[in-house]
Amino acid sequence: MLSFLCRVFVDSWVGRVVVGLFFLTFVGWGVGDVLMNIGTERADVVARVGPDPILVPAYEQALRTEMPQIAQQMHLDDPSQIPAATREQIAQQVLQRLILQDEVALAARQHGLLVPDSAVRAEIFAIPAFQDKNGKFDRALFNTRLRSSGMTEARLIELVRAEQASKALMEPIRNGAGAPAILTRRIFDLEAQTRRVDIVRVPFAAQTPGAPTDAQARRFYANHPWLFEAPAYRHARIVVLSPETVAHSMTIPDADLHHMYEQQAQRFNTPETRSVQVITAPSEARARELLAMWQGGANWDAMQKSAGKDSASVEMDDIRISSIPSQDLARQIFTAPSDTVSPPVHTDGGWAIFRVIHVTPAHISDFDSARPALQAQALAERVQAQIGERVQKLQDAIAGGGLDSIPSELGAVAVAGNVDAHGMTQEGNPAPIPGSNAVRQAIVARVFSQPRGSSPELLQAPEGTWYAVSVDGETPARPLSYEDAAQKVRDAWMDDARRHAADQAATTLYTQAQDGGGLAHIQPAVPDLVHSAPFSRAHDVNEVPHDVAEIAFRLDHVGQSLMVEADGAFYVATLTDVSSPDPAAQRMLFDRIRTTLSQAVADDVEMSYAQALQAIVKPKPNPSAINAVMSAVSGKGNPEAGQ
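My numbering runs 16 ahead of the 1-based position in the sequence shown.
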């Protein structure tokens, strides 16, 4: 519940604690361990932290808060559409979060941390969600927001008081943590150190071995049978429902698009905007003095300093003519040429000089030009509104009659055919499964993991996609005969021969570099030798592949050489320079590293403290109450029953 308060009303430290320590609740006690603490407990208590109970209504309230957010992330209209397993997992996580929050609050009380009413009142009055447009606390808005969130005033006060007490306990613990200077310097040296190499690339494709004889090809075929076999195929029927497939099933009437065009006139009819630098002066004489300096070549920084106390300077980006308070000044700015300092202009507030630095012309899109954008927007809005309902209908249809009873109006796409583990058909083409590569990979993986003949199940893939698979046939992998694979064998032999030739050439260069002190000392000179720019562990350069750079940082001294295979080539490189900059020269990087390390140390301290609380407090969940709520949340009941 406290995390709900933080998400809805308060951006506070509790979010950091919950995120940073959440996994400890699984490690520290976990559902399995918790259920061992079985004892007699009231039916309305789901867990007890010391003397404090976590009541069923509070648990259910937290779930009602969590479920809609998860549903929205899954592109569902209603939490009831969340799969049962996911709902049960959410229920477990919410309970563990509530226990962690109560443990911290209990520790705060045990340390005698009391929060006065005035501090609670000030904290609530400062919450932006309860303030009017003038930034003042609005009682009517306060009541409305509480009603809409299902929270009482007493509960909010209780949560804020507990949060402030917990904050008073945890912040000193966190703020007292800092990164040791020696660790900061060590990490800085690792990240900021730069190196240079001399490097040469020996590509496989540049090698020209002769074609294999028939005997060589047959021997290669016999020695590499795994390279020459027809893959296993599975015959699958697949149904896919995604925002894209639903959109393809929809048609937006022209009347609706015209209405949207009229409603969004400002979006498609934008007036001219200008970016301008303006200096105002109390008198014409002062304005002309500043004008002379500007026209004489002074830059904007110098002009701002010269304006001093009696004048003002401002830079405005992409403003419209209506945004300038003075009509005379606005007219002058929007008629002046670009990159020219204007003569003084008399305004209601005094005198002004200016320079237009950028002009964005007016842009008008007629309906035909705007139509694609309008249609995409309308489709996205309608898909968002309907996808959850369609997922539920698809799930019901599959449960009722399998993949043979999918209503055509849902916008689901059905495909069937043989596919291998890489998503390719027997003809060597990508299987026509709708969706991105990530979606296709998830579906193909399911095809090869689902038992043949098992009932289809609606599952979620990446990017808001839902799918179901039915596997009704399988063709095992089989070896290809030499005659069928002859061309593949020759191609594979040539690839292997090219790699071997490149390996020999690179090995010769590497040996010469090792014996002679580096690539630059080889005679005759190595062709295509490149002297790299400096690179670091954090920043590669184009001429040095990441694999080469990674090994270069393991070398002890200048003059050492290395050989690496990467990206269809062998690379030979010699370390030529090692540079370790002074922290004073890269203060921004040094400070960033120190801040990041201090944050990590503070997180570790918080996690250690939370783990200690778990061992001291030993929360005692009530399995019967937990199971009742989880059963409801998992779809066997109604979580809101009795509310």
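From the three backbone atoms N, C-alpha and C, an ideal C-beta is built for every residue, glycine too. Here the structure is a predicted model, which is why all the values come from computation and not from measurement.
The beta strand (DSSP E) spanning residue i covers which residue range?
i: D532; result: In the sequence as presented, Asp is not what sits at residue 532; that position holds Gly. No beta strand (DSSP E) holds G532; the alpha helix (DSSP H) holding it covers A502 to G532.
i: H366; result: The sequence shown places Gly at residue 366, rather than the His named in the question. Start and end: G366 to T376.
i: T81; result: Per DSSP, T81 belongs to no beta strand (DSSP E); it is in the alpha helix (DSSP H), V72 to Q89.
i: F220; result: From DSSP, F220 is part of no beta strand (DSSP E); its letter is neither H nor E.
i: T160; result: Element bounds for T160: not the beta strand (DSSP E) but the alpha helix (DSSP H), R155 to S165.
i: M332; result: A328 to I335
i: T481; result: T481 to T491
i: A63; result: V61 to V65
i: S577; result: S577 to A582
Given a cut-off of 9 Å, decide if residue j and residue i are closer than it, judged by their beta-carbon atoms.
i: L185; j: A124; result: yes
i: M90; j: R103; result: no
i: A432; j: I254; result: yes
i: R515; j: F220; result: yes
i: G404; j: A107; result: no
i: I459; j: A430; result: no
i: V216; j: L545; result: yes
i: V485; j: R456; result: no
i: R234; j: V487; result: no
i: P450; j: T261; result: yes
i: V213; j: L525; result: no
Could you tell me the distance, in whole angstroms, from the CA atom of residue i to the CA atom of residue j?
i: S299; j: Q348; result: 18 Å
i: A644; j: R202; result: 53 Å
i: P259; j: A323; result: 57 Å
i: I642; j: L273; result: 50 Å
i: A271; j: E397; result: 16 Å
i: A585; j: E443; result: 31 Å
i: H573; j: D512; result: 34 Å
i: H555; j: Q209; result: 11 Å
i: P635; j: I189; result: 22 Å
i: N638; j: G417; result: 40 Å
i: V62; j: S452; result: 43 Å
i: V43; j: F464; result: Note that V43 has pLDDT 36, beneath the 50 cutoff, so the model's placement of it is unreliable and the number below is only indicative. The alpha-carbon atoms of V43 and F464 are separated by roughly 33 Å.
i: M579; j: S497; result: 38 Å
i: P132; j: T200; result: 40 Å
i: A222; j: A582; result: 15 Å
i: P377; j: Q391; result: 26 Å
i: D154; j: Q147; result: 5 Å
i: T356; j: F284; result: 30 Å
i: T160; j: I143; result: 14 Å
i: R336; j: D420; result: 59 Å
i: Q528; j: A238; result: 36 Å
i: E278; j: V399; result: 22 Å
i: A246; j: P448; result: 20 Å
i: E76; j: E169; result: 18 Å
i: D500; j: T229; result: 17 Å
i: G128; j: K183; result: 13 Å
i: A301; j: S291; result: 26 Å
i: G480; j: G532; result: 59 Å
i: E305; j: I340; result: 24 Å
i: A328; j: D382; result: 42 Å
i: Q466; j: D563; result: 38 Å
What whole-angstrom Cβ distance do residue i and residue j have, given they're in contact under 8 Å?
i: F551; j: V557; result: 5 Å
i: T590; j: S577; result: 5 Å
i: V72; j: E119; result: At roughly 19 Å, the Cβ-Cβ gap does not stay under 8 Å, so V72 and E119 are not in contact.
i: G365; j: T296; result: 7 Å
i: F350; j: V294; result: In fact, because the Cβ distance is near 13 Å, the residues do not count as touching under 8 Å.
i: P360; j: A368; result: 7 Å
i: I609; j: F244; result: In fact, because the Cβ distance is near 52 Å, the residues do not count as touching under 8 Å.
i: W482; j: Q232; result: Incorrect: roughly 52 Å between the Cβ atoms, too far for contact.
How is the alpha helix (DSSP H) around residue i delimited, first residue to last?
i: S614; result: R603 to V633
i: T363; result: That residue, T363, is in no alpha helix (DSSP H); its beta strand (DSSP E) goes V361 to T363.
i: S182; result: E169 to N191
i: F141; result: D133 to F141
i: E473; result: Segment: none, E473 is in no alpha helix (DSSP H) and carries neither H nor E.
i: F350; result: Premise fails: F350 is in no alpha helix (DSSP H) and is neither H nor E.
i: V14; result: Residue coverage of the chain in this structure runs from 17 to 659, which leaves residue 14 outside it and unanswerable.
i: E104; result: A100 to Q126
i: D420; result: No alpha helix (DSSP H) contains D420, which DSSP labels as neither H nor E.
i: D593; result: First-last for D593: A585 to S595, but that is the beta strand (DSSP E), not the alpha helix (DSSP H).
i: A568; result: H562 to A568
i: D205; result: A197 to A208
i: Q457; result: N453 to S465
i: D317; result: W316 to A323
Within 9 Å of any Cβ in chain B, is that where the Cβ of residue i sits?
i: L185; result: The structure shown contains no chain B; it holds only a single protein chain.
Please go through the segment 221 to 304 and give each complete beta strand (DSSP E) segment of 3 or more residues, from N-terminal end onward.
-> 249 to 257 and 289 to 297
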